[in-house]
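Under full-length UniProt numbering, the first residue of the sequence shown is numbered 1, with each subsequent residue one higher.
All C-beta atoms in this analysis are idealised placements derived from N, C-alpha and C, irrespective of residue type, glycine included.
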Amino acid sequence: MATTKKKSRAKTQKKKLVIVESPAKAKTIEKYLGRTYKVMASLGHIRDLPKSKMGIDFDNDFDPHYISIRGKGDVIKKLRAEAKKAKAVYLASDPDREGESIAWHLSYILGLDVKDNNRVVFNEITKDTVKNAFKTPRSIDMDLVDAQQARRILDRIVGYSISPLLWQKVKKGLSAGRVQSIALKLIIDRENEIKAFVPVEYWTIDSEFKKGKSKFMASYYGVNGKKGDLANNDEVQKVLAKLDRKGDFDITKVVKKERKRMPQPPFTTSSMQQEANKKLRFRTRKTMMAAQQLYEGITIGKEGNQGLITYMRTDSTRISQIAKHEASQFLHEKYGAEYAATKPIKGKLPEGAQDAHEAIRPSSVFRTPASLKEYLSNDQFKLYQLIWNRFVASQMTPAVMDTMAVTIEQNKVMFRANGSKMKFDGFLKVYNNDKEKDNLLPDLNEGDTVKLSKTDPAQHFTQPPARFSEANMIKALEENGVGRPSTYAPTLDTIQRRYYVKLVARRFEPTELGEIVNGIILDYFPDIVNIDFTANLEKELDGVEEGDENWVKVIRDFYQPFSKEVEHAAETIEKVQIKEELAGFNCDICGAPMVVKMGKYGKFYACSRFPDCRNTQAIVKEIGVVCPKCHQGQVIERKSKRNRIFYGCSRYPDCDFVTWDKPVGRDCPKDGHFLVEKKVKGGLQVICPNGDYEEAIQK
C-alpha cells in the first residue's frame with residue numbers, strides 16, 4: 001500500500017514550468033531537466049505593437065500599446081493554464097535583447113513579478129550548461145528590455161511615418177526603415193561610383209628567367225633603383241629597348257625571411273554570415289536558419305537531441321576557459337603539441353560590441369563534423385564544418401612560411417621575383433580553404449647571373465569598385481556601426497522584397513524604384529541616411545542596454561526634429577509619376593496598347609486600360625537558342641519564386657524543358673547532349689552536363 005501511495009504522490013506532484021521560444025529547444029531542454037520539469041514553447045514573441053496603427057502614445061512618454069499577437073491565443077491560453085498549476089515558472093528565452101523582451105512580455109501575460117528570480121539564460125544547450133543555469137536564476141534585466149523596446153519604438157516611428165508618405169507619393173507597398181535606408185543608400189552610392197568611374201590604362205611586363213635548367217617568373221619593378229609604373233605601350237617599349245636579351249641579368253639582392261600567417265578568431269554573427277556567403281554561397285537568411293537549428297538541437301543517434309553550437313547572435317570573439325582547455329586536449333591528441341597554441345588568437349571587438357556572449361563555437365570540439373555528418377542535413381553539415389574548423393584553427397599555432405624576395409637588374413632596369421615555401425602548416429592543417437600553394441624559386445644568391453627567356457607585356461585598365469555582395473554589405477554595415485548582428489539578415493531581405501535592389505550574379509544592383517525611394521529619403525529625411533547620425537543613435541541605444549541612457553530621452557531627442565521633417569515632407573513632396581514604357585504590342589484581349597509596369601517581383605506587361613482590362617504577361621528574354629528538347633520553341637530566361645534565374649522552353653507547358661545553366665546552342669561532340677555555360681572562377685566555361693566534356697575558360 002505504501003508503494004502505491006508514493007507512486008500516486010509522484011503523479012500528482014506539481015512540476016516546474018520552463019518557457020522557451022521554440023519546440024526544438026523545448027524538447028532538448030526537457031530531456032536534460034528530467035521529470036520534475038515541464039518545458040513549453042512560446043513560439044517567439046506573444047505580444048507586439050499593433051499592425052493596423054502606430055500603437056505609441058506620444059503624449060505619454062512614448063508609452064507603447066502592446067497587444068497579443070494574432071494567432072497566439074491558443075498558445076497563451078495553454079501557457080496560462082500550465083503556469084497556474086506549476087510549482088514555479090522559469091523564463092528561458094534566448095540570451096539577448098530580443099529574448100529578454102520575450103521573457104518580460106511572458107511575465108506580464110502570466111502575471112509574474114519582474115523582480116522575481118525566474119529568468120534563466122544559457123549560451124549553449126548542453127546538459128551541464130542548462131542544469132547549471134537553473135542553479136542561478138536572476139530577475140529580468142529591465143535595461144535589456146528597455147533597449148529592445150527603444151529600438152522597436154524607433155523603428156515603428158520611422159517606418160509608420162515615412163512609409164505612408166511613400167504609399168501616397170510613389171506607390172503602395174513601399175516601406176522605409178532606419179537600417180534598410182542606410183543599406184539602400186550604400187548600394188546606390190556604390191552604383192554611382194561605378195557609373196562615374198573612368199578607367200586608367202597601365203601596363204605590366206611579366207618575364208621568364210632561367211638559371212641553368214630552372215625557370216622562374218619575375219615582374220618589372222622600376223628603373224634606377226626606384227619603383228615605376230608603366231602608363232602606356234610607349235613606356236613599355238622604352239624599357240624593353242634598354243634590355244640586352246642575350247646578355248646576363250644580375251641578382252643584386254636576395255632577402256630571405258620567415259613569415260608567420262596567423263589564424264583568425266572564432267566567428268561572430270557578422271563574420272559567420274560573411275564567410276558562409278563567400279565559402280558556401282549561403283544567403284544570410286539561410287545561414288541564420290541553419291545556425292538556429294544547430295543551436296537548438298539535433299537528434300544525434302542514441303545521444304538524442306544535442307545543441308551543437310553556442311548561441312549564434314553575438315559580437316564577441318571571447319572563448320570560455322573550459323572550451324579552450326577542451327580544444328587544447330583535442331589538438332594534443334589529434335595533431336600533437338606543436339599544433340596547440342599556448343596563447344590562442346584574440347579577436348578585436350568592433351566598436352559598440354557588447355561582448356555579452358562567447359563567440360560562435362561547437363558545444364564540444366570532440367563532436368567532429370565527420371562524426372555528425374549522417375545526422376545533419378547538407379546545409380547544417382556545411383555550416384557546422386565551417387564553424388568547427390574556424391574555432392579549432394583559432395586555438396592552433398600560426399603557419400610558418402619561408403619567403404624569398406629577389407631583385408634582378410640589367411642596365412638599371414629592375415625586376416622582382418617572390419617565392420614562398422611552407423615550413424610548418426600550423427592552423428592551415430584544419431582551416432586551409434585558401435589553399436596557399438608553394439611558389440618555389442631556384443637557389444639564388446647575390447652576385448649570381450640569370451638569362452632572360454621571354455617577356456610578356458600586357459595592357460590593363462583599372463577596374464571600378466565592385467558592387468556589394470551580401471558578405472561585403474554586412475561588412476560595410478558593421479564597419480559603419482549601423483545595425484547589429486540580429487538586424488543584418490532581415491534588412492537585406494527587406495530591401496530585396498520591396499524590389500529596391502536585386503541580386504545579379506550574387507551582387508546587389510539598385511532598381512529604378514530603389515533610386516526613387518532613396519532620393520526622397522535623402523531630400524526630406526537626411527538624418528535617416530546619415531551614417532554618422534545612425535551610428536551615434538546605435539551607440540545611444542547600446543547605452544540604454546548598459547543602463548547609462550534613458551530610453552525615453554533617446555527617443556524624444558530623435559522624435560522632436562524628425563516629426564517636423566515628416567510634416568514638411570507631407571506638405572512638399574510631389575507625387576512621383578513612374579513613367580509607363582510602351583511594350584510595343586497590343587493587348588490580345590481588348591486591343592489596347594500594352595505597357596511595362598513595376599510590380600513586387602520586377603517589371604511585367606499589363607494592359608494600359610487597367611483596371612477595366614486586367615490582362616498581364618510576364619516579360620521573357622530569349623537567349624537565341626532553340627529548345628534542345630522539342631526543337632520548336634525558343635529557350636527563354638525565367639525567374640524562380642526566389643528570384644533565381646533559370647532557363648526553359650517558350651512552349652511550356654507543352655514542352656517541359658528546364659535547366660539552371662544557360663544552353664549555348666551546340667551539342668557535346670562526345671555524347672550529343674546539349675552544352676551549357678557554367679560560371680567558374682576566372683570566367684565562363686562551356687561544359688557537358690554529363691561531365692564528359694569541357695572547353696577552355698572564356699574570360
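Whether residue i touches residue j by CB criterion (9 Å)
i, j, result
"Glu-677", "Asp-692", "no"
"residue 731", "Leu-184", "For the chain, the structure presents residues 1 to 699; residue 731 sits outside this window and is missing."
"Thr-511", "Tyr-500", "yes"
"Asn-690", "Asp-667", "no"
"Pro-199", "Phe-461", "yes"
"Leu-230", "Val-236", "yes"
"Ser-175", "Ser-163", "yes"
"Ser-68", "Ile-102", "no"
"Val-554", "Val-544", "yes"
"Gln-292", "Met-272", "no"
"Ile-125", "Lys-25", "yes"
"Lys-437", "Met-401", "no"
"Gly-483", "Thr-28", "no"
"Leu-91", "Ile-46", "no"
"Lys-575", "Lys-169", "yes"
Separation of residue j from residue i, as counted between CA atoms
i, j, result
"Glu-515", "Ile-188", "7 Å"
"Gln-274", "Ala-88", "42 Å"
"Leu-349", "Gly-44", "Confidence at Leu-349 is low in this model, with a pLDDT of 49, below 50, so the placement of that residue is unreliable and no value is reported for it."
"Glu-695", "Val-635", "22 Å"
"Lys-679", "Val-625", "18 Å"
"Ser-8", "Ile-76", "The pLDDT assigned to Ser-8 is 47, lower than 50, so where the model puts this residue is not dependable; a value taken from the coordinates is nonetheless given after this. Distance between the alpha carbons of Ser-8 and Ile-76 is about 30 Å."
"Gln-410", "Tyr-202", "23 Å"
"Thr-455", "Gly-447", "22 Å"
"Lys-51", "Leu-33", "38 Å"
"Ile-522", "Ile-531", "What sits at residue 522 in the sequence shown is Leu, not Ile. Whole-angstrom Cα-Cα distance: 12 Å."
"Gln-395", "Thr-407", "37 Å"
"Pro-593", "Ala-466", "39 Å"
"Arg-507", "Ser-469", "4 Å"
"Lys-171", "Gln-577", "9 Å"
"Gly-584", "Cys-688", "38 Å"
"Glu-458", "Asn-233", "Looking at the sequence itself, residue 458 is Ala, so the reference to Glu does not match. Roughly 9 Å between the two C-alpha positions."
"Lys-14", "Ala-83", "11 Å"
"Asn-615", "Ala-606", "6 Å"
"Thr-204", "Gly-228", "11 Å"
"Pro-64", "Ile-56", "5 Å"
"Thr-268", "Ala-276", "12 Å"
"Glu-351", "Thr-403", "Residue confidence for Glu-351 is low, a pLDDT of 48 falling below 50, so the modelled location carries little weight; the figure read from the coordinates is stated next. Approximately 35 Å between the Cα atoms of the pair."
"Thr-659", "Leu-675", "11 Å"
Terminal residues of the alpha helix (DSSP H) in which residue i lies
i, result
"Lys-475", "470 to 479"
"Tyr-108", "97 to 109"
"Phe-533", "531 to 545"
"Gln-168", "142 to 169"
"Thr-204", "Per DSSP, Thr-204 belongs to no alpha helix (DSSP H); it is in the beta strand (DSSP E), 201 to 211."
"Ala-183", "178 to 196"
"Lys-621", "Here Lys-621 belongs to no alpha helix (DSSP H); instead the beta strand (DSSP E) covers 621 to 626."
"Ile-76", "73 to 85"
Inter-residue CB distance, residue i and residue j (contact presumed, cutoff 8 Å)
i, j, result
"Lys-412", "Val-223", "5 Å"
"Arg-361", "Pro-266", "5 Å"
"Asn-117", "Pro-95", "Going by Cβ atoms, the distance from Asn-117 to Pro-95 rounds to 16 Å, so no, they are not a contact pair."
"Phe-415", "Ser-650", "Not really, about 56 Å apart at Cβ, beyond 8 Å."
"Asn-439", "Gly-419", "5 Å"
"Leu-144", "Glu-100", "4 Å"
"residue 701", "Thr-284", "Given a span of 1 to 699 for the chain in the structure shown, any question on residue 701 remains unanswerable."
"Tyr-221", "Ile-300", "Tyr-221 to Ile-300, Cβ: 57 Å. No contact."
"Phe-282", "Leu-452", "Incorrect: roughly 48 Å between the Cβ atoms, too far for contact."
"Leu-428", "Ala-290", "That pair is no contact at about 25 Å."
"Thr-314", "Pro-485", "7 Å"
Beta strand (DSSP E) segment containing residue i, residue limits
i, result
"Lys-454", "449 to 461"
"Ala-88", "88 to 91"
"Arg-666", "662 to 667"
"Ser-486", "First-last for Ser-486: undefined, no H or E at that position."
"Lys-678", "674 to 680"
"Ile-19", "16 to 20"
"Lys-131", "That residue, Lys-131, is in no beta strand (DSSP E); its alpha helix (DSSP H) goes 127 to 133."
Minimum Cβ-Cβ distance from residue i to chain B less than 9 Å
i, result
"Asp-141", "In the structure shown, chain B cannot be found, because there is only a single protein chain."
With a floor of 4 residues, list each alpha helix (DSSP H) that falls wholly inside the segment 302 to 346, ordered by position along the chain.
-> 321 to 334
At which residue ranges does the segment 239 to 313 contain complete alpha helix (DSSP H) runs of 4 or more residues, listed in the order of the chain?
-> 269 to 279, 284 to 296
Minimum length 4: unbroken alpha helix (DSSP H) runs contained in the segment 393 to 425 = none
Identify every run of the alpha helix (DSSP H) within the segment 565 to 595, keeping only runs that are complete inside it and at least 4 residues long; order them along the chain.
-> none
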